[in-house]
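Colleague: The following block contains the structure, expressed as structure tokens.
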Amino acid sequence: MELWSKLRNLDAYPKVNEDFYSRTLSGGLITILSSLAILLLFFSEIRLYLYSATESKLTVDTSRGERLHINFDVTFPALPCSLVAVDTMDVSGEQHYDIKHDIIKKRIDHLGNVIESRKDGVGAPKIERPLQKHGGRLDHNEVYCGSCYGSEESDDQCCNSCEEVRDAYRKKGWAFTNVELIDQCKREGFVQRLKDEQGEGCNIHGFVNVNKVAGNFHFAPGKSLEQSFNFLQDLLNLQPESYNISHKINKLSFGEEFPGVVNPLDGVEWTQDNSNGLTGMYQYFVKVVPTIYTDIRGRKIHSNQFSVTEHFREAIGYPRPPPGVYFFYEFSPIKVDFTEENTSLLHFLTNICAIVGGIFTVAGIVDSFVYHGHRAIKKKMELGKLG
240 MELWSKLRNL
250 DAYPKVNEDF
260 YSRTLSGGLI
270 TILSSLAILL
280 LFFSEIRLYL
290 YSATESKLTV
300 DTSRGERLHI
310 NFDVTFPALP
320 CSLVAVDTMD
330 VSGEQHYDIK
340 HDIIKKRIDH
350 LGNVIESRKD
360 GVGAPKIERP
370 LQKHGGRLDH
380 NEVYCGSCYG
390 SEESDDQCCN
400 SCEEVRDAYR
410 KKGWAFTNVE
420 LIDQCKREGF
430 VQRLKDEQGE
440 GCNIHGFVNV
450 NKVAGNFHFA
460 PGKSLEQSFN
470 FLQDLLNLQP
480 ESYNISHKIN
490 KLSFGEEFPG
500 VVNPLDGVEW
510 TQDNSNGLTG
520 MYQYFVKVVP
530 TIYTDIRGRK
540 IHSNQFSVTE
550 HFREAIGYPR
560 PPPGVYFFYE
570 FSPIKVDFTE
580 ENTSLLHFLT
590 NICAIVGGIF
600 TVAGIVDSFV
610 YHGHRAIKKK
620 MELGKLG
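Those letters in the sequence shown? Residues 240 to 626, per the numbering used here, in order.
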């Protein structure tokens, strides 16, 4: 019994008989307000506990020798697919012209409806029967080798398609003007296909794989000539001034997407002013910031964010800028690390206790101040009446 008596003396929360309680209107109002505040903060803490927060940190980017996927989806409403090529080049000297792999072109009409969708470089008709380059009968194991019409670099070079003849002409620096006389082009209906595409637009989407160094990629009418880096306007005898490079960027990203990423060029549209009859070079200057996103499970996503400015150069003066849409990019030396962090259960319970205890304590202080203040005023009023 003495033990229980000693424990009773340690009670930090002495009980008061209910007969001595005095309930007031102000106390009821304060109780309601404090209860609402507790509920509001309680649900706020539950939300913070269930949903992870993202912490950011800036570090120096020390990565070297990496490569990067640039994903794009761009629509040209007034340029047919046959006149648009995708090229890349960077400060390390790596250059790729008229890229065809991993790129899909969709022919679209003036309303934006898809006419045809195909992977670039795919779809040329196959040669169904063997032919010989110089005529005569073929030996048993001899295969077809099309003529390059004088543009071959060696006697063993073959041009089995219209595209290969055009590439051989470009490397020689020759104008591609005798299309009607080239068997490969006649067989593939090259000229008719170009005429059929006049007045159409083109949607190009896919990705290019580049070095993680400063460089550019661009969508340009005509094809690149590797030796001189110039563009040949060799299709349909179109002049550079007649190209309409109006475009809409449906999607542009550098690397893999991660939660919360904002790509500032998504949905951007630019329309060329045809009142002066001049085309030009539309330039986007992109600053790429390497980013690592670590989710709540510790999985890392290596990606990039970017900011952009833009400028249009009209094709006036000399030398005239080649018409097209150009993206010049460079990488920031600073890397951003995003890390998802979740509140621990112990931290959550601590915050709940702090909320409940803190509000009840403050509410008790306010109630005591109001109660004793009201009693003091009431007592003064009674003394005044007696006096």
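A virtual CB, placed ideally from N, CA and C, is assigned to each residue, including glycine. A quick note: this is a predicted structure, and the numbers were derived from the prediction, not measured.
For T578, write down the residues that DSSP places opposite it in a beta bridge.
Modeller: Within the sequence shown, numbered from 1, the residue matching residue 578 stands at position 339. DSSP output for T578 lists E294 and T533 as bridge partner(s).
Colleague: State the start and end residues of the unbroken alpha helix (DSSP H) segment that holds R281.
Modeller: Taking the first residue of the sequence shown as 1, we reach residue 281 at position 42. Contrary to the premise, residue 281 reads as Phe rather than Arg in this sequence. Its alpha helix (DSSP H) spans residues L264 to L289.
Colleague: How long is the line joining the alpha carbons of I285 and T582, rounded to whole angstroms?
Modeller: In the sequence shown, residue 285 corresponds to position 46, counting from 1. In the sequence shown, residue 582 corresponds to position 343, counting from 1. About 10 Å.
Colleague: Measure the C-alpha to C-alpha separation of Q472 and A324 and round it to an integer number of angstroms.
Modeller: For the purposes of this step, residue 472 is taken as the residue at position 233 of the sequence shown. For the purposes of this step, residue 324 is taken as the residue at position 85 of the sequence shown. The predicted model places Q472 with a pLDDT of 44, which falls under 50 and marks its position as unreliable; any figure quoted below should be read in that light. Their backbone Cα atoms lie some 12 Å apart in a straight line.
Colleague: Taking the CB atoms as reference points, tell me whether F315 and H486 lie closer together than 8 Å.
Modeller: On the sequence shown, position 76 is the one that residue 315 refers to. On the sequence shown, position 247 is the one that residue 486 refers to. Their beta carbons are under 8 Å apart, which means F315 touches H486 by this criterion.
Colleague: Give the secondary structure of N469 by DSSP, where H, G and I count as helix, E and B as strand, and everything else as coil.
Modeller: Residue mapping note: residue 469 aligns to position 230 of the sequence shown, counting from 1. The pLDDT assigned to N469 is 39, lower than 50, so where the model puts this residue is not dependable; a value taken from the coordinates is nonetheless given after this. The answer is strand: DSSP assigns N469 an E or B state.
Colleague: Using CA atoms only, rank isn't needed, just tell me which of G499, F551 and L584 is closest to D534.
Modeller: Start at 1 with the first residue of the sequence shown, and residue 534 comes out as number 295. Comparing Cα positions, the closest option is G499.
Colleague: Can you name, in chain order, every residue of its own chain whose Cβ lies under 6 Å from the Cβ of V609, other than the five neighbours on each side?
Modeller: Counting from 1 along the sequence shown, the entry for residue 609 is found at position 370. Taken in chain order, the residues that qualify are S265.
Colleague: Should C441 and K344 be called a contact, given that it needs their Cβ atoms to be closer than 8 Å?
Modeller: As a position in the sequence shown, residue 441 is number 202, starting the count at 1. As a position in the sequence shown, residue 344 is number 105, starting the count at 1. Cβ distance < 8 Å, so C441 and K344 count as in contact.
Colleague: Taking three-plus beta-carbon pairs below 8 Å as touching, is the region 443-458 in contact with the region 563-577?
Modeller: At 8 Å Cβ cutoff, the stretches touch.
Colleague: Please identify the residue among E621, F493, I277 and G389 whose C-alpha is closest to the C-alpha of K526.
Modeller: Indexing the sequence shown from 1 puts residue 526 at position 287. Comparing Cα-Cα distances from K526 to each of E621, F493, I277 and G389, the minimum goes to F493.
Colleague: Have a look at N543, R536 and R538 and flag the residue whose alpha-carbon is nearest the alpha-carbon of P503.
Modeller: Within the sequence shown, numbered from 1, the residue matching residue 503 stands at position 264. Closest by alpha carbon: N543.
Colleague: Rounded to whole angstroms, what's the CA-CA distance from I347 to P529? Just pull it up for me.
Modeller: Along the sequence shown, one-based indexing puts residue 347 at 108. Along the sequence shown, one-based indexing puts residue 529 at 290. Looking at the two C-alpha atoms, the distance is approximately 35 Å.
Colleague: What number of angstroms, rounded off, separates the C-alpha of D422 from the C-alpha of E355?
Modeller: In the sequence shown, the residue the question calls residue 422 occupies position 183. In the sequence shown, the residue the question calls residue 355 occupies position 116. Their Cα atoms are separated by approximately 25 Å.
Colleague: Please go through the same chain and pick out, in chain order, the residues whose beta-carbon is closer than 7 Å to the beta-carbon of E333, but skip the five residues on each side of it.
Modeller: For the purposes of this step, residue 333 is taken as residue 94 along the sequence shown, with counting starting at 1. Cβ neighbours of E333 beyond the five flanking positions: N450.
Colleague: Does DSSP classify A554 as helix, strand or coil?
Modeller: As a working mapping, residue 554 is identified with position 315 in the sequence shown. It is coil, neither helix nor strand.
Colleague: Within the 8 Å Cβ cut-off, does Y288 reach chain D?
Modeller: Judged by its chain identifiers, the structure shown contains no chain D, having just a single protein chain.
Colleague: Flag this pair as yes or no: are the beta carbons of D329 and A459 separated by less than 8 Å?
Modeller: Position 90 of the sequence shown, counted from the first residue, corresponds to residue 329. Position 220 of the sequence shown, counted from the first residue, corresponds to residue 459. Contact flag unset, no.
Colleague: Please state if the CB of S291 and the CB of A602 are separated by a distance shorter than 8 Å.
Modeller: As a position in the sequence shown, residue 602 is number 363, starting the count at 1. As a position in the sequence shown, residue 291 is number 52, starting the count at 1. Taking 8 Å as the Cβ cut-off, A602 and S291 do not qualify as a contacting pair.
Colleague: Are the Cβ atoms of S390 and Y408 separated by less than 8 Å?
Modeller: For this step, residue 390 is matched to residue 151 along the sequence shown. For this step, residue 408 is matched to residue 169 along the sequence shown. Contact: yes.
Colleague: What do you reckon, are the CB atoms on G519 and P562 nearer than 8 Å?
Modeller: One-based indexing of the sequence shown puts residue 519 at position 280. One-based indexing of the sequence shown puts residue 562 at position 323. A contact, by the Cβ cut-off of 8 Å.
Colleague: Quick one, which of H340, L491 and E553 has its alpha-carbon nearest Q511's?
Modeller: As a working mapping, residue 511 is identified with position 272 in the sequence shown. Of the candidates H340, L491 and E553, the one whose C-alpha sits nearest the C-alpha of Q511 is E553.
Colleague: Tell me where the beta strand (DSSP E) around Y234 begins and ends.
Modeller: No information on residue 234 is available, as it lies outside the stretch 240 to 626 that the chain covers here.
Colleague: Could you check what DSSP says for Y610 in three-state terms: helix, strand or coil?
Modeller: In the sequence shown, residue 610 corresponds to position 371, counting from 1. If DSSP states are grouped into helix, strand and coil, Y610 belongs with the helices.
Colleague: With DSSP as the reference, identify every bridge partner of Q334, one or two as the case may be.
Modeller: Residue numbering aside, residue 334 sits at position 95 when the sequence shown is read from its first letter. Per DSSP, M328.
Colleague: I need the DSSP call for K339, collapsed to helix, strand or coil.
Modeller: Numbered from 1 along the sequence shown, position 100 holds the residue referred to as residue 339. If DSSP states are grouped into helix, strand and coil, K339 belongs with coil.
Colleague: Roughly how many whole angstroms lie between the Cα atoms of A276 and I591?
Modeller: Taking the first residue of the sequence shown as position 1, residue 276 is located at position 37. Taking the first residue of the sequence shown as position 1, residue 591 is located at position 352. Whole-angstrom Cα-Cα distance: 12 Å.
Colleague: For F587, name the three-state secondary structure that DSSP assigns.
Modeller: Counted from its first residue, the sequence shown places residue 587 at position 348. Helix at F587.
Colleague: How big is the Cα-Cα spacing for E294 and Y532?
Modeller: Start at 1 with the first residue of the sequence shown, and residue 294 comes out as number 55. Start at 1 with the first residue of the sequence shown, and residue 532 comes out as number 293. Cα-Cα distance, rounded: 10 Å.
Colleague: Find out if the Cβ-Cβ distance for the pair V404, Y383 is shorter than 8 Å.
Modeller: If you number the sequence shown from 1, residue 404 lands on position 165. If you number the sequence shown from 1, residue 383 lands on position 144. No. Outside cutoff.
Colleague: Assign G385 to one of three DSSP states: helix, strand, or coil.
Modeller: Here residue 385 corresponds to residue number 146 of the sequence shown, with the count starting at 1. Residue state, collapsed to three classes: coil.
Colleague: Please check the pair V501 and I309, which I expect to be a contact at CB under 8 Å, by giving their CB distance rounded to whole angstroms.
Modeller: As a first step, residue 501 is located in the sequence shown; it is residue number 262 there, counting from the start. As a first step, residue 309 is located in the sequence shown; it is residue number 70 there, counting from the start. No, V501 and I309 are not in contact; Cβ-Cβ is about 17 Å, not under 8 Å.
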